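Sequential numbering of the sequence shown, starting at 1, is according to this note's numbering.
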Amino acid sequence: MTPKRIIIDTDPGIDDALAILLALASPEVQVDGLTIVHGNCSADQGTVNALSVLELAQAAHVPVAKGCSLPLVQPSLLAPETHGKTGIGYAQLPPPKARPAAQHAVDFLIERILAAPGEITLVPIGPLTNLAMAIRREPRIVEAVKEVVIMGGAIRHEGNTTPLAEFNTYVDPHAAHIVYHSGMPITLVPLDVTYQCILSDADVARLLEQKSPVAQFIADATRFYMEFHDEYQQIDGCIINDPLALALVFAPQLVDTETLYVDVDISGGASMGKTFADFYRMEDKAPNMKVALGVRPRDFIELFLERMEQLCQHISN
Ligand code: BDR
Ligand code: CA
């Protein structure tokens with residue numbers, strides 16, 4: 001089977017780093033590049049983190065292109081309380097040897113998508129600023145992209161950044177608005193499903209049996225993330241949002257989806273950044289995406305752990 005070609009648009013980020021590792025560990029996908037956006041940390045820091053994580057996984061050949069440092073309209077909002085000052089929790093990785101690509105992430109996305117019409121799957125797992133900019137700059141990418149699997153939104157679920165809004169959509173709701181209404185073939189992976197996917201202490205202990213720098217990185221990064229979940233949300237373990245979106249590129253059977261019309265509030269009030277679906281077709285608008293609303297969480301966590309074990313074994317050999 002030919003692997004699916006993907007580009008991950010990311011703000012790494014603890015769970016972003018785990019999604020990158022999952023992609024590198026999965027033969028069903030080929031990572032054509034990482035494009036970096038502001039979000040969990042600055043775009044500068046995220047670029048360093050992406051390069052370091054690639055080097056940790058012996059995948060320095062994957063190009064990294066730095067993108068937008070600020071949302072389209074809203075002021076900057078980073079998340080050091082969730083991901084730590086450097087974005088990777090308590091993990092400390094050596095400074096990367098590789099440099100980012102000279103090209104801006106928006107140009108990288110456009111060039112790569114247009115060069116291979118119908119072949120590139122995008123996996124945006126941060127605020128959607130880069131992708132919205134790319135759509136505005138080169139609308140032909142809408143037809144040329146194969147699929148877009150987005151981690152973001154909270155449909156029936158409460159928000160994790162405001163009472164109503166999820167982080168990636170709240171940080172750049174205008175960008176989400178552009179992407180949602182672009183006509184791209186989107187699958188949305190909202191908190192409704194990711195909040196059922198909890199990585200536990202026992203799961204991390206299982207990985208640590210591998211005695212690998214990759215396992216140690218996962219343990220050090222997620223320890224910080226678990227402390228955040230405990231303190232702010234009384235959750236035992238940590239939610240690994242972004243790896244679920246990544247897994248759906250090759251394991252769509254992990255979730256149940258509905259095809260729906262989904263929008264995001266950009267009116268600036270209490271529900272700014274809130275995503276909502278027209279379940280009863282009250283507005284007579286055509287569905288614009290598939291939305292994951294049911295998930296088999298333990299199947300996903302098992303898949304994630306198995307892939308991480310394989311990656312650890314591959315790296316240490
Ligand atoms: C999303 O926000 C970030 O904190 C995570 O990396 C994930 O992409 C979850 O709301
Ligand atoms: Ca993210």
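Using N, Cα and C, we set each Cβ at its ideal position, and we do this for glycine too. Only a predicted model underlies this, so the values are computations on that prediction, with no experimental measurement involved.
{"Item": "Hey, could you find the ends of the beta strand (DSSP E) glutamine 233 is sitting in?", "Value": "Glutamine 233 -> not in any beta strand (DSSP E); alpha helix (DSSP H) instead, spanning 213-233."}
{"Item": "Would you be able to state if there are at least three C-beta pairs under 8 Å between the segment 266-275 and the segment 162-177?", "Value": "yes"}
{"Item": "Rounded to whole angstroms, what's the CA-CA distance from proline 63 to threonine 121? Just pull it up for me.", "Value": "16 Å"}
{"Item": "Applying the 10 Å Cβ sphere with the 16-neighbour rule, what's the burial state of histidine 38?", "Value": "buried"}
{"Item": "Look at the Cβ atom of proline 124, then the Cβ atom of threonine 10, and state whether they are nearer than 9 Å.", "Value": "yes"}
{"Item": "Just reading off the alpha helix (DSSP H) that valine 249 is part of, what are its end residues?", "Value": "That residue, valine 249, is in no alpha helix (DSSP H); it is neither H nor E in DSSP."}
{"Item": "With hydrogens ignored, establish whether the beta-carbon of asparagine 49 is closer than 8 Å to any heavy atom of ligand 1.", "Value": "no"}
{"Item": "For threonine 10, write down the residues that DSSP places opposite it in a beta bridge.", "Value": "Ile36"}
{"Item": "If you run the structure through DSSP and keep just helix, strand and coil, what is proline 124?", "Value": "strand"}
{"Item": "State yes or no: is the C-beta of glycine 152 within less than 9 Å of the C-beta of asparagine 40?", "Value": "no"}
{"Item": "With distance defined between alpha-carbon atoms, name the residue in Met184, Ile110 and Leu22 nearest to methionine 289.", "Value": "Met184"}
{"Item": "Measuring CA to CA, which of Ser26, Asp16 and Leu21 is closest to methionine 1?", "Value": "Ser26"}
{"Item": "For valine 106, would you say it is in contact with chain C, using Cβ-to-Cβ distances shorter than 9 Å as the test?", "Value": "This model lacks chain C altogether, as it is built from one protein chain only."}
{"Item": "Check this for me: beta carbons of leucine 191 and glycine 159, under 9 Å apart or not?", "Value": "yes"}
{"Item": "Less than 8 Å separating the Cβ of glycine 13 from some heavy atom of ligand 4?", "Value": "This structure lacks ligand 4; its bound ligands are ligand 1 and ligand 2."}
{"Item": "Using only the heavy atoms of ligand 1, determine whether one of them is closer than 8 Å to the beta carbon of glutamate 302.", "Value": "no"}
{"Item": "Among residues of its own chain, excluding the 5 on either side of valine 149, which ones have a beta-carbon nearer than 6 Å to its beta-carbon?", "Value": "Val123, Thr187, Ala245, Leu248 and Val249"}
{"Item": "Report the three-state DSSP secondary structure of arginine 298 (helix, strand or coil).", "Value": "helix"}
{"Item": "Cutting at 7 Å between CB atoms, please list the residues of its own chain near leucine 24, excluding the five before and the five after it.", "Value": "Val31, Ala57, Ala59 and Leu311"}
{"Item": "Kindly indicate which residue of Arg296, Leu72 and Ile8 has the alpha-carbon position closest to the one of alanine 176.", "Value": "Leu72"}
{"Item": "Among Ile6, Gln74 and Thr82, whose alpha-carbon lies nearest the alpha-carbon of isoleucine 240?", "Value": "Thr82"}
{"Item": "Taking just the CA atoms, how far does glutamine 234 sit from lysine 97?", "Value": "39 Å"}
{"Item": "Mind checking which residues open and close the beta strand (DSSP E) that includes threonine 2?", "Value": "That residue, threonine 2, is in no beta strand (DSSP E); it is neither H nor E in DSSP."}
{"Item": "Identify the continuous alpha helix (DSSP H) that holds valine 171 and give its terminal residues.", "Value": "167-171"}
{"Item": "Thinking just about the alpha-carbon of each residue, which of Cys68, Gly67 and Val53 is nearest to the one in histidine 61?", "Value": "Val53"}
{"Item": "Measure the alpha-carbon distance for glutamine 210 versus leucine 305 and round it to whole angstroms.", "Value": "11 Å"}
{"Item": "If we ignore side chains and look at the alpha-carbon of each, how far apart do aspartate 230 and alanine 115 end up?", "Value": "45 Å"}
{"Item": "Taking leucine 128 and valine 179 to be in contact with their CB atoms under 8 Å, please state how far apart those CB atoms are, rounded to whole angstroms.", "Value": "5 Å"}
{"Item": "Under the assumption that cysteine 68 contacts alanine 101 (Cβ atoms under 8 Å), give the Cβ distance between them as a whole number of angstroms.", "Value": "Actually they do not touch by this definition, with Cβ atoms about 15 Å apart."}
{"Item": "For the segment 36-108, list the beta strand (DSSP E) runs that are entirely contained and at least 3 residues long, ordered along the chain.", "Value": "64-66"}
{"Item": "On a Cα-Cα basis, can you pick out the residue from Leu34, Glu28, Pro3 and Ala50 that is closest to isoleucine 14?", "Value": "Ala50"}
{"Item": "Verify the contact flag: phenylalanine 167, CB atom, against every heavy atom of ligand 1, threshold strictly below 8 Å.", "Value": "yes"}
{"Item": "Where do the ends of the alpha helix (DSSP H) carrying threonine 129 lie?", "Value": "129-137"}
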